[in-house]
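Residue numbers (this note's numbering), protein chains in the order written: chain P, 95 to 318; chain S, 95 to 318.
These notes are about the structure you will find just below.
Protein chains: 2
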Amino acid sequence: MRSVLLVDDEPQLVRALQINLEAEGYAVTTAADGANALRAAASQPPDVLVLDLGLPDMDGTEVIRRLRTWTELPIIVLSARHGSSDKVEALDAGADDYVTKPFGLDELLARLRAVERRSWPVREAGVVEAGDLQIDLMAATISRAGRRIRLTPREWGVLQLLVENRGRLVSQQQILSEVWGPVYEKETHYLRIYVGQLRRKLEQDPANPRHLITEPGMGYRFEI
Amino acid sequence: MRSVLLVDDEPQLVRALQINLEAEGYAVTTAADGANALRAAASQPPDVLVLDLGLPDMDGTEVIRRLRTWTELPIIVLSARHGSSDKVEALDAGADDYVTKPFGLDELLARLRAVERRSWPVREAGVVEAGDLQIDLMAATISRAGRRIRLTPREWGVLQLLVENRGRLVSQQQILSEVWGPVYEKETHYLRIYVGQLRRKLEQDPANPRHLITEPGMGYRFEI
DNA sequence: CCGAATCTTTACGGGACCCTTACGCCAAAC
DNA sequence: GTTTGGCGTAAGGGTCCCGTAAAGATTCGG
């Protein structure tokens, strides 16, 4: 998540936030009212929109509603009103999260990261590259250094689940339950066999795996 | 809240709900039985799960229990049974809300919005930064100054509990009860061992800890 | 009906982890 | 000064977990 469109009519707050967000590595553009916000969002769609509800020309929820007619761009709402009805209204209009003023920079950054994580699975579909491996989750194919590798159904089932949760720890129970079925949750020896086979096919040095990592006592993890 | 996984074995109801939910802006995927529901929830985690209790292959509460072993995904239960014992059982298994058939679309949409608002703070629990430490509670990873640290299951169990309650005091009894089990509430020497090991791995100066703080006679606290 | 690929089962060696025991330190109470 | 309780550290043994090999069972296509 790189670019943020910041919409607020208080110049000082905008300037302060812009400096701090840019220091965190975000590219920040700004708008001071709803009309300019809509224009900016359409001409240069940001990765996330931070929107104050109190704008001079139109209600913030109205801005959200218009945006939602054509985009699913994540929207974080800033509101000075503490009443929950405003928040509900904004969320129902299509906002993704809200922050009540006054707020700390830390809180806004946390919300940005949260929205970022949530939008991650959206672009999850496609080819995953890990070292010399190319894994296409949709096509169910995998290549190593350009060469196609053949996997058996079970092998693919295990690898697919791990790659879909790449970076995250996946418990042995979860793998067994998803690939073999809930009845097999206890049969951890199956996993040892298939993880070993996968490593022999995927890893350069199966004895020192770099992608298919064991977390002793907890589960397995696919590292890119 | 974008995506909903809809689990029911009545095709007409599923089709009707899917059309209506998609008209409301949700991305809807469906499953007709428990096994497929678990597989779908694992491979493409939705933002919320709508689950009928009467499934052909397994009890709905069993589906909830299995999901709850690895995810806190919000779950709304549908049930044709009016008895309150079913409701209690499902909620105890880990469901978030409950709708009795027959129900109106408006009611389900209201529950979805309610669960959505409630679940946001939970999702915020992502990456916690503390000094040169980066702790990802979801992925079960921890880095210090960019370098990955390996923790054993017990070490991770203790750290996870403390980080989830960061800033707050956690009693020794609570840690022992959560990580080792209620029987071990008195075995405080376990804690001394593992707190020591954690400090050696996490703290710059294990003798003068800055994150893993002892509150003599009370418990431990994780400070950011 | 046969054969090959895949899945399951069994067995075993090595290593990591957990628990246990023992001891040193510090501070507060007597 | 001595004692006592709580906390931290070190080391060793036993147990569980993981990786590997190999053979039997099952499935599937020809």
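Ideal placement from N, C-alpha and C gives every residue a C-beta, glycine not left out.
Exercise for the section: Indicate whether the contact test is met: 3 or more Cβ pairs, each with one atom in the region 243–259 of chain P and one in the region 268–282 of chain P, closer than 8 Å. Expected result: With the cut-off at 8 Å, the region 243–259 of chain P and the region 268–282 of chain P touch.
Handout entry: Burial state of S/R160 (16 or more Cβ within 10 Å)
Key = buried
Problem - Residue range of the unbroken alpha helix (DSSP H) whose run includes S/V252 - result: P247 to E258
Exercise for the section: Would you tell me roughly how many angstroms separate the C-alpha atoms of P/W214 and P/P168, rounded to the nearest one? Expected result: Per-residue confidence for P/W214 stands at a pLDDT of 46, beneath the threshold of 50, marking its modelled position as unreliable; the derived number appears in the next sentence. Looking at the two C-alpha atoms, the distance is approximately 11 Å.
Practice task
Using a Cβ-Cβ cut-off of 8 Å, state whether S/L145 counts as contacting chain P.
Solution key: no
Handout entry: S/E118 vs S/L203 beta-carbon contact at 8 Å
Key = yes
Practice task
Would you identify the three-state DSSP class for S/Q291, choosing helix, strand or coil?
Solution key: It is helical.
Exercise for the section: Give a yes or no on whether the minimum CB-CB distance between P/E104 and chain S is below 8 Å. Expected result: no
Practice task
Tell me whether P/R315 is buried or exposed, calling it buried when 16 or more other Cβ atoms sit within 10 Å of its Cβ.
Solution key: buried
Handout entry: CB contact below 8 Å: P/Q266 versus chain S
Key = no
Problem - Beta-carbon spacing of P/L99, P/A136 below 8 Å - result: no
Exercise for the section: Measuring only between beta-carbons, confirm whether P/E249 sits less than 8 Å from chain S. Expected result: For P/E249, the answer is no, since every Cβ of chain S falls outside 8 Å of its Cβ.
Exercise for the section: Quick one: residues in its chain with C-beta nearer than 7 Å to the C-beta of S/E116, no 5 flanking neighbours on either side, listed in chain order? Expected result: V122
Exercise for the section: To the nearest angstrom, report how far apart P/R207 and S/T165 are at their CA atoms. Expected result: 20 Å
Practice task
Could you name the residues of the region 156–167 of chain S whose beta carbon sits closer than 7 Å to any beta carbon of chain P, in the order they occur along the chain?
Solution key: Listed in sequence order: R160, T163 and W164.
Practice task
Over the uninterrupted alpha helix (DSSP H) stretch that includes S/G128, give me the two end residues.
Solution key: G128 to S137
Practice task
Compare the Cα-Cα distances from P/E317 to each of P/Q254, P/D141, P/V157 and P/H283 and report the closest residue.
Solution key: P/Q254
Handout entry: Chain-ordered residues of the region 227–239 of chain S with a beta carbon less than 9 Å from chain P
Key = D230, M232, A233, A234 and T235
Exercise for the section: Mind checking the region 121–137 of chain S against chain P and listing, in chain order, the residues whose C-beta falls within less than 7 Å of any C-beta there? Expected result: A129, L132, R133, A136 and S137
Handout entry: Contact residues within the region 257–289 of chain P, judged by C-beta distance below 7 Å to chain S
Key = Near chain S, meaning a CB-to-CB distance below 7 Å, the residues of the region 257–289 of chain P are E258, G261, R262, L263, S265, Q267, Q268, S271, E272, G275 and P276.
Handout entry: Beta-carbon neighbours of P/P303, restricted to chain S and to distances below 9 Å
Key = Within chain S, no C-beta atom comes nearer than 9 Å to that of P/P303; the closest sits roughly 14 Å away.
Handout entry: Contacting residues, own chain, Cβ-Cβ under 6 Å from P/T124 (five flanking each side not counted)
Key = L100 and V108
Handout entry: Short CB-CB distance (under 8 Å) between S/V171 and chain P
Key = no
Handout entry: CB contact below 8 Å: S/V193 versus chain P
Key = S/V193 does not count as touching chain P.
Practice task
Name the two residues that bound the continuous alpha helix (DSSP H) containing P/Q106.
Solution key: Element bounds for P/Q106: P105 to A117.
Handout entry: P/P139 versus P/G225 - alpha carbon distance
Key = 32 Å
Practice task
Could you name the residues of the same chain whose beta carbon sits closer than 6 Å to that of P/Q298, not counting the 5 residues immediately before and after it, in chain order?
Solution key: none
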